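In the numbering used here, the protein residues as written are 4 to 97.
The C-beta atom is built at its ideal place from N, Cα and C for all residues, glycine as well.
Since we're looking at a predicted model, the values are computed, not measured.
Heads up: the structure comes next, in structure tokens.
Right under this line is the structure:
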């Protein structure tokens, strides 16, 4: 069994300015969980988490082939380009 973190990687570009990227911990998953149990928690986080950069816009969640989720604006307004990737990472102990 492993220790897991749910991470959010948020990328924002505003009016042609430099792109900013921020990685934050959404939440650690306490206790030993299997990957399948952790993926259930990742799914819940992707459905309920609202990234700051997308708080004021309608958004959609998409599952990527690697199991992570993308939170994207439903309609781009041409001024702000934002995306959020929510992923599961496993702690590796040497």
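Which residue from the options puts its Cα closest to that of residue i?
i	options	result
residue 30	8, 49, 14 and 24	8
residue 67	56, 59, 94 and 45	45
Pick helix, strand or coil for residue i, following the three-state DSSP scheme.
i	result
residue 38	helix
residue 85	strand
Output the boundary residues of the beta strand (DSSP E) element that contains residue i.
i	result
residue 54	From DSSP, residue 54 is part of no beta strand (DSSP E); its letter is neither H nor E.
residue 64	62-66
residue 74	72-76
When you compare the CB positions of residue i and residue j, do they come within less than 8 angstroms of one another, or not?
i	j	result
residue 12	residue 88	yes
residue 42	residue 10	no
residue 27	residue 15	no
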